[in-house]
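Single-structure report; data block below.
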Amino acid sequence: MKKFAKILLACLVLLLALIAMLLGYSEWIVSDARHYTYDRVDKVPYNRVAVVLGTSKYLSGGGPNHYFKYRIKAAAELYNNAKVDFIIVSGDNATVQYNEPRQMRRALIKAGIPASAIYMDFAGFRTLDSVVRAKEVFGQERFTVVSQGFHNERAIFIARHFGIDAVGFNAEDPSAYQGIRTRVREVFARLMGLLDLYVLDKGPKFLGAPVPIGLPVPCQSLSTIGSLQPCLKQPKPAVDEAKPAAVSASVATESATPSAATEQVTPALSAAAATEPVTPAKPAAQTTAEMPSAALPTLPMIPSAASVSTATP
Numbered sequence: 012m013k014k015f016a017k018i019l020l021a022c023l024v025l026l027l028a029l030i031a032m033l034l035g036y037s038e039w040i041v042s043d044a045r046h047y048t049y050d051r052v053d054k055v056p057y058n059r060v061a062v063v064l065g066t067s068k069y070l071s072g073g074g075p076n077h078y079f080k081y082r083i084k085a086a087a088e089l090y091n092n093a094k095v096d097f098i099i100v101s102g103d104n105a106t107v108q109y110n111e112p113r114q115m116r117r118a119l120i121k122a123g124i125p126a127s128a129i130y131m132d133f134a135g136f137r138t139l140d141s142v143v144r145a146k147e148v149f150g151q152e153r154f155t156v157v158s159q160g161f162h163n164e165r166a167i168f169i170a171r172h173f174g175i176d177a178v179g180f181n182a183e184d185p186s187a188y189q190g191i192r193t194r195v196r197e198v199f200a201r202l203m204g205l206l207d208l209y210v211l212d213k214g215p216k217f218l219g220a221p222v223p224i225g226l227p228v229p230c231q232s233l234s235t236i237g238s239l240q241p242c243l244k245q246p247k248p249a250v251d252e253a254k255p256a257a258v259s260a261s262v263a264t265e266s267a268t269p270s271a272a273t274e275q276v277t278p279a280l281s282a283a284a285a286t287e288p289v290t291p292a293k294p295a296a297q298t299t300a301e302m303p304s305a306a307l308p309t310l311p312m313i314p315s316a317a318s319v320s321t322a323t324p
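The working numbering applies: residue 12 is where the sequence shown begins, and numbers increase by one.
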């Protein structure tokens, strides 16, 4: 029994040593990507597109998430300094209530970024998904990743594995108290990243139809916007002004051509009508405005025998 316990303990020690070695190796190889990250906006090279990696706007306890706040600030800084022309906000869209891309888009618009410059990627469930989809769906061979420094290193490592020329702009780090759990999780995320790339050969969960950056996209209703790209609203077509003119022309033609019934009116009735006060004709514009859209032909009224006899001297 004691011999079995010693063997079990030795296996456990070896396993822990192996895990420690793998964690150390993943930390070392992923950290090498820091050479492609920048802390100052004036040093960042120009790229047409920035990809902001998603996170929740609020913490699980309900407080504000400073990771979110500083990423939005960094993305706005890139745009305002002409370092990018468009921004992709990529994150999780697990439920209607939890929607990282929509939260980031609203925050960027509030920060002064035009809505037409922002594209949402609703299938950025992991860093790998966000990076690969930026190339395969949004067509970007090179772009600037926006997140905290440690996260940018892993994103750039993944990007360069897939042949993407990516650099990173490091957002400000939150306080050590708020960021300790995230940093511990990052250590294991780097190890899982190596397993995904070199052992499991994983790719994005979803790809989908290409979304060209910089072109208007047809509007989608809110009920179908879950995995689709929101749109830039198209201008409404000009009002067709030819129809009122056509209606006026047809009415004028009808009024100029007397019908057979009208020609049968007796001279006596015409003389009686002549003694009545004449109502001045309304302007053509007012007549057109008061006409119904689909005018019906007006039937002439045949005078009764009583009215004719009364009018006859």
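We put the beta carbon where it would ideally sit given N, CA and C, even for glycine.
Counted within 10 angstroms of its Cβ, other Cβ atoms place residue i as buried (16 or more) or exposed
i    : result
Y78  : buried
N104 : buried
D132 : buried
R165 : buried
F136 : buried
A267 : Residue placement at A267 cannot be trusted, given a pLDDT of 44 that sits under 50; what the coordinates show is reported in the next sentence. Flag for A267 reads exposed.
L20  : exposed
I191 : exposed
N92  : exposed
V24  : exposed
Y57  : exposed
Q297 : No answer about Q297 holds up, because its pLDDT of 47 lies below 50 and its placement is not dependable.
A317 : Here A317 scores only 41 on pLDDT, less than 50, and its place in the model is too uncertain to base an answer on.
CA-to-CA distance, residue j to residue i, given in whole angstroms
i    : j    : result
Q159 : G204 : 17 Å
F149 : A134 : 12 Å
D207 : L33  : 14 Å
P223 : Q151 : 9 Å
G174 : M115 : 27 Å
K17  : V210 : 32 Å
I129 : L139 : 20 Å
S67  : F15  : 48 Å
E252 : P221 : Its pLDDT being 42, under 50, E252 is placed unreliably by the model, and nothing is read from it.
H172 : R59  : 21 Å
K13  : C22  : 14 Å
L70  : N76  : 5 Å
F161 : D212 : 23 Å
A31  : G65  : 29 Å
D184 : A28  : 31 Å
T193 : Q108 : 23 Å
D43  : N110 : 32 Å
K80  : G73  : 14 Å
L26  : L202 : 15 Å
A170 : D176 : 7 Å
C-beta atoms of residue i and residue j nearer than 8 Å
i    : j    : result
S101 : S141 : yes
V156 : P215 : no
S99  : V55  : Here residue 99 is Ile; the residue named in the question, Ser, does not match the sequence. Not in contact: I99 and V55 (Cβ atoms no closer than 8 Å).
E147 : L226 : no
V41  : F154 : no
Residue closest to residue i, alpha-carbon to alpha-carbon, out of the options
i    : options                : result
D96  : A126, S42, K80 and N76 : A126
R82  : P112, S42 and I30      : P112
G123 : Y90, N110 and Q108     : Y90
R45  : N163, G73 and L202     : N163
A145 : D43, L26, A61 and D53  : A61
D53  : K94, D43, A170 and G73 : K94
Within-8 Å CB hit, residue i to chain C
i    : result
S141 : As a matter of chain content, chain C is missing from the structure shown, which is built from one protein chain.
Exercise. Okay, do the region 109–119 and the region 79–87 touch, 3+ Cβ pairs below 8 Å being the bar?
Worked result: yes
Exercise. Are there three or more Cβ pairs, one per stretch, closer than 8 Å when the region 178–185 is compared with the region 48–58?
Worked result: With contact defined as three or more Cβ pairs closer than 8 Å, the region 178–185 and the region 48–58 are in contact.
Exercise. Taking three-plus beta-carbon pairs below 8 Å as touching, is the region 193–209 in contact with the region 26–41?
Worked result: yes
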